[in-house]
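Written out below as structure tokens is the structure these notes cover.
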Amino acid sequence: MSYPVAPRRLCLNECAKCSFLLVSLLLRESLTTHLGFEKSEKVVFSHNLYAGGQDKDDNPEECNVCVTNYDRGKRRPRTLPCGHTFCSLCLADMIKKSHLSCPSCRVEHKAKSPTQFPISYAMEAVIRKLKILQLTAASAPTPTEDLLLLQEKEENINNLISGLQKTLSQMKKYESQLLDWKCQHEDLQAKIDILTEQNKAALKLLEGELSILLYQQKKGEEGIKRLQAMQESLVSANTSHKTVSDLDDHDGCNVKTEEWIQNCQKIFPDVNTVHTSVKVRENTKRALEMITETPGDDGTAVSLGDSTSIMEKVNQLAPILNVENLRRLTDPMKALLESGKVVAIKEDGGRLRSSRISVQRGKLHLHTLLDQPTPVQDNTLEHDALADLIHPSSTLVFLDFGWAGSTRGRVYIRLRPETGLSKQFRLVCMGQRGPTYANTRVLGVWNKGTEFEMVGGGDYDYNDGQGGTPLLQGLTNRVEYRRPARAGIVRALHGPESNKSVQYCITTRDCVNRDWYWAFGHVESGLDVVQAVANHKCIKEVTVMDCGIVLPL
1 MSYPVAPRRL CLNECAKCSF LLVSLLLRES LTTHLGFEKS EKVVFSHNLY AGGQDKDDNP
61 EECNVCVTNY DRGKRRPRTL PCGHTFCSLC LADMIKKSHL SCPSCRVEHK AKSPTQFPIS
121 YAMEAVIRKL KILQLTAASA PTPTEDLLLL QEKEENINNL ISGLQKTLSQ MKKYESQLLD
181 WKCQHEDLQA KIDILTEQNK AALKLLEGEL SILLYQQKKG EEGIKRLQAM QESLVSANTS
241 HKTVSDLDDH DGCNVKTEEW IQNCQKIFPD VNTVHTSVKV RENTKRALEM ITETPGDDGT
301 AVSLGDSTSI MEKVNQLAPI LNVENLRRLT DPMKALLESG KVVAIKEDGG RLRSSRISVQ
361 RGKLHLHTLL DQPTPVQDNT LEHDALADLI HPSSTLVFLD FGWAGSTRGR VYIRLRPETG
421 LSKQFRLVCM GQRGPTYANT RVLGVWNKGT EFEMVGGGDY DYNDGQGGTP LLQGLTNRVE
481 YRRPARAGIV RALHGPESNK SVQYCITTRD CVNRDWYWAF GHVESGLDVV QAVANHKCIK
541 EVTVMDCGIV LPL
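For the sequence shown, UniProt numbering assigns the number 553 to the last residue and increments by one with no breaks.
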């Protein structure tokens, strides 16, 4: 077997195409030697390097006559005795013209049919191999494609992890909700059990009372019969001795009858039995009145819509936002409040106002009512329903002081007892009647540096000390407004009878052996904030940033 001698040029890229051409040449040399044909001229390979154009052997998978790829049908490759290969259709066409001359080397051949020339199975195998190499090269991803694929897979995994985490978070919230409902049912069941036991005890008392009553009734009926019989005997008596005897029996019967009547009047009714029955029946009726329908028997089809979140579906079936859940501060409710999307709304004369509800220090804070639009996505409660939760005897309000556009601290003020001044202060903190301490300036510091030092403000009218119109009329001075002069006392700056009684002041220091008048509350926490306000270099820039009331749980 011989090899190409001194080729003029070789491809240095080691590409699949040149590898195929080299294999084709070796195959041609092998066939020529094996079949005993005359060797053809050596072919020199060059990968598109000839100046005159592409070499004719650059595409060995094509027939050089029709320039069409070989196939396993009518264009199968067949090898001539000279060693050159052409498709069956081209050979048949040349035989029809009675002139079969090799298009490559011009050697004359004789044949009546293309089938006289052997099929080049080796060529077909090489072509198949080349196609596989071409497909493999085409389908092999580039480094950039590999990187993009890895990034896509990583992003897909991250999305799955995120989806799992969100679902698990929803399930955790649902678990908390289920546990809360379970506790509520257990509490209700315990109360129902108590009510059931009370009914059983009341029934037992009634049965005992009824038993005694029936016994006494029987004795009374027997007494009537005895008296009636005695009456008949007196009518029919015919001897004096008989009459005296009947009279003695009559007197004894009268005594027993009177004793029976007095005893019945004494023991009936049994106070404990009747009182217990009345109370238990009232409690049971009130409990039953709350049961308006059988669960799941209202005939209304429940539709969850297009919600995908577990808790969204739960909220559709059992809304979390209600006053009871708000007071109990369940975990789902706490999460809703912490998101800042719960507001209380109040409609007054066609004007809709709203106030935020927040959780701080584990306490519910109802912020002041303001004229501001309520976001559509927020969850709302009726402001009046929340105001009904407040205990007038002891309320806790708050003022947020700040300057330079930021809040510096919160002051909690306990109002006690419910006096005219304390009620008025609460109404302004809540903004229930319109005016509010929010966005009002601190008017000044009086007696600075002395034991009488105090910080004052509250002019919602003009913010300069000239306003502060009372919300409640008829306020007068009362003995309850007198308090020991301690630090943190909250009092009316101008007194209850002033036309500026809404203005307030807060003392910052103890004043020994003295009392303050017009006092209606004291600072429960945040006195340091008031002292910081008093020491601020520019008191006129200090404002009440926010205010409100703490709702009892």
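Glycine residues also receive a C-beta, built at the ideal position from the N, C-alpha and C atoms.
If residue i and residue j are in contact, beta carbons under 8 Å, what's the gap, nearest whole angstrom?
i, j, result
"residue 454", "residue 506", "6 Å"
"residue 527", "residue 488", "5 Å"
"residue 458", "residue 502", "5 Å"
"residue 481", "residue 419", "7 Å"
"residue 264", "residue 216", "6 Å"
"residue 532", "residue 445", "Rounded, the Cβ-Cβ distance is 12 Å, inconsistent with contact."
Measure the C-alpha to C-alpha separation of residue i and residue j and round it to an integer number of angstroms.
i, j, result
"residue 497", "residue 456", "18 Å"
"residue 164", "residue 491", "57 Å"
"residue 284", "residue 368", "40 Å"
"residue 442", "residue 382", "32 Å"
"residue 99", "residue 77", "19 Å"
"residue 549", "residue 357", "10 Å"
"residue 437", "residue 312", "38 Å"
"residue 214", "residue 268", "12 Å"
"residue 431", "residue 392", "16 Å"
"residue 182", "residue 332", "15 Å"
"residue 448", "residue 551", "35 Å"
"residue 256", "residue 249", "11 Å"
"residue 251", "residue 258", "11 Å"
"residue 128", "residue 171", "58 Å"
"residue 65", "residue 87", "8 Å"
"residue 177", "residue 359", "19 Å"
Considering only the alpha carbon of each residue, which of the options lies closest to residue i?
i, options, result
"residue 471", "184, 448, 428, 480", "428"
"residue 371", "86, 365, 355", "355"
"residue 173", "368, 330, 477", "330"
"residue 85", "108, 120, 113, 116", "120"
"residue 340", "325, 437, 366, 352", "366"
"residue 343", "384, 362, 328", "384"
"residue 273", "62, 79, 205", "205"
"residue 389", "171, 553, 90, 422", "553"
"residue 363", "155, 522, 326", "326"
"residue 450", "511, 499, 440, 189", "511"
"residue 544", "495, 463, 521", "463"
"residue 547", "145, 150, 409", "409"
"residue 399", "73, 542, 122, 170", "542"
"residue 417", "444, 153, 520, 168", "520"
"residue 559", "81, 123, 125, 92", "Since the first and last residues shown for the chain are 1 and 553, residue 559 lies out of range."
"residue 424", "280, 518, 108, 373", "518"
"residue 89", "83, 101, 70", "70"
"residue 223", "233, 195, 254, 379", "254"
"residue 426", "504, 404, 118, 221", "504"
"residue 434", "445, 514, 347", "347"
Just verifying my parser: in three-state terms, what is the DSSP assignment at residue i?
i, result
"residue 31", "A caution first: residue 31 carries a pLDDT of 47, below 50, which makes its placement in the model too unreliable to give a value."
"residue 483", "strand"
"residue 382", "strand"
"residue 417", "coil"
"residue 66", "coil"
"residue 121", "helix"
"residue 475", "coil"
"residue 363", "strand"
"residue 88", "helix"
"residue 425", "helix"
"residue 357", "strand"
"residue 109", "coil"
"residue 509", "coil"
"residue 323", "helix"
"residue 564", "Nothing in the structure corresponds to residue 564, since the chain is present only between 1 and 553."
"residue 515", "strand"
"residue 128", "helix"
"residue 40", "The predicted position of residue 40 is uncertain, since its pLDDT is 41 and thus under 50; a value taken from the coordinates is nonetheless stated next. It is coil, neither helix nor strand."
"residue 115", "helix"
"residue 450", "coil"
"residue 390", "coil"
"residue 368", "coil"
"residue 410", "strand"
In terms of residue numbering, what span does the beta strand (DSSP E) encompassing residue i cover?
i, result
"residue 545", "543 to 551"
"residue 532", "Taken as a continuous stretch (DSSP letters only), residue 532 belongs to no beta strand (DSSP E), being part of the alpha helix (DSSP H) at 527 to 535."
"residue 287", "No beta strand (DSSP E) contains residue 287, which is instead part of the alpha helix (DSSP H) from 271 to 289."
"residue 397", "395 to 403"
"residue 455", "454 to 457"
"residue 502", "No beta strand (DSSP E) holds residue 502; DSSP gives it neither H nor E."
For the alpha helix (DSSP H) containing residue i, list its first residue and its last residue.
i, result
"residue 570", "Nothing in the structure corresponds to residue 570, since the chain is present only between 1 and 553."
"residue 347", "Where residue 347 is concerned, there is no enclosing alpha helix (DSSP H), although the beta strand (DSSP E) it sits in stretches over 342 to 348."
"residue 331", "331 to 338"
Taking CB distances under 8 Å as the criterion, tell me whether residue i reaches chain D.
i, result
"residue 521", "The structure shown has no chain D; it contains just one protein chain."
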